[in-house]
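Each number in the working numbering comes from the position in the sequence shown (counting from 1) with 4 added on. Each residue gets a CB set at the ideal place from its N, CA and C atoms; glycine is no exception. These numbers were taken from a predicted model, which means no experiment stands behind them. Everything below concerns the one structure shown next.
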Amino acid sequence: MSRARCGRCLRPADHCLCPLIPVLPSRTRVLLLQHPSEVNHALNTARLAALGLSHAQLIVGEVFEDLPTLLNRPGYRARLLFPADDAQPLQAYGATDEPMLLVVPDGTWRKARKLLHLNPLLAALPRVTLAAAAPSRYRLRKAPGPGALSTIEAVVQALQVLEAPASFEPLLRPFEALIEGQIAAMGEDTYQRNHGTKP
Ligand SMILES: [Zn+2]
Numbered sequence: 005m006s007r008a009r010c011g012r013c014l015r016p017a018d019h020c021l022c023p024l025i026p027v028l029p030s031r032t033r034v035l036l037l038q039h040p041s042e043v044n045h046a047l048n049t050a051r052l053a054a055l056g057l058s059h060a061q062l063i064v065g066e067v068f069e070d071l072p073t074l075l076n077r078p079g080y081r082a083r084l085l086f087p088a089d090d091a092q093p094l095q096a097y098g099a100t101d102e103p104m105l106l107v108v109p110d111g112t113w114r115k116a117r118k119l120l121h122l123n124p125l126l127a128a129l130p131r132v133t134l135a136a137a138a139p140s141r142y143r144l145r146k147a148p149g150p151g152a153l154s155t156i157e158a159v160v161q162a163l164q165v166l167e168a169p170a171s172f173e174p175l176l177r178p179f180e181a182l183i184e185g186q187i188a189a190m191g192e193d194t195y196q197r198n199h200g201t202k203p
């Protein structure tokens, strides 16, 4: 780990993604709660989302002591983007409704569930889901199932639904560059092993 890193995007300095990261305003506030195991993941997409949105905040931890303050934003209604039987599709929220504080746990399913378990306030939030998620571009690891999205893709899709017709696609630019770079670097054999098919 002797290579110099960019202090902002945390990529090696010679592969800094910052020039590709936009500054997008949004009506929705996004609170990304990241499990510490994700911090050093090569694709730290929650960080890219937080850097690219002017109303987003990323906090790393397992137990979030400040949660009561973080969730109490007058004028915003806090919702957790996480599956549940009674989760509301984001489509149910209109542009005239009170803006949303969209809380997004970041980690594998197991780690995300752990975050909910350790933070009862989080688990108690009303939940929202992406009703019909577009396929993921995240081709590097076998996805746990169809519709499994990286954190940045989930955030983009959620904002596109909540704030249509605004486009949040530019947020994905550094993510796409990262994926293309990783696929090129790992070589076709590894790619096929992880992905199951030819590119
Ligand atoms: Zn950078």
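Roughly how many whole angstroms lie between the Cα atoms of residue i and residue j?
i	j	result
Ala54	Pro16	19 angstroms
Val64	Leu105	18 angstroms
Arg7	His19	11 angstroms
Leu94	Leu21	30 angstroms
Ala91	Pro78	23 angstroms
Ser171	Leu28	10 angstroms
Gln164	Glu69	31 angstroms
His39	Lys115	7 angstroms
Thr32	His59	7 angstroms
Leu71	Glu157	24 angstroms
Leu85	Pro130	9 angstroms
Gly185	Asn48	14 angstroms
Leu37	Trp113	13 angstroms
Gly98	Arg83	14 angstroms
Val107	Arg81	10 angstroms
Cys13	Ala46	11 angstroms
Ile187	Glu180	11 angstroms
Leu144	Pro103	Caution applies to Leu144, whose pLDDT of 46 falls short of 50 and renders its modelled position unreliable; the value that the coordinates give is listed next. Taking the straight line from one Cα to the other gives about 34 angstroms.
What residue range is occupied by the uninterrupted beta strand (DSSP E) comprising residue i?
i	result
Val160	Per DSSP, Val160 belongs to no beta strand (DSSP E); it is in the alpha helix (DSSP H), 155–166.
Pro109	104–110
Thr133	131–133
Leu36	33–38
Ile63	60–64
Ala82	81–85
Does the beta carbon of residue i fall short of 7 angstroms from some heavy atom of ligand 1?
i	result
Leu122	no
Arg12	yes
Arg15	yes
Leu52	no
Leu47	no
Leu175	no
Leu21	yes
Report, in whole angstroms, the separation of the C-beta atoms of residue i and residue j, which I expect to be a contact under 8 angstroms.
i	j	result
Leu126	Leu120	5 angstroms
Thr155	Asp110	5 angstroms
Val160	Leu182	Going by Cβ atoms, the distance from Val160 to Leu182 rounds to 15 angstroms, so no, they are not a contact pair.
Val67	Asn123	6 angstroms
Pro23	Pro174	Not quite, the Cβ-Cβ distance comes to about 13 angstroms (not below 8 angstroms), so this is no contact.
For the alpha helix (DSSP H) containing residue i, name the first residue and the last one.
i	result
Leu52	49–56
Ala116	113–122
Leu176	Run containing Leu176: none; DSSP gives neither H nor E here.
Leu71	71–75
Under 7 angstroms: does the beta carbon of residue i sit that close to some heavy atom of ligand 2?
i	result
Leu106	In the structure on display, ligand 2 does not appear, and the ligands it does have are ligand 1.
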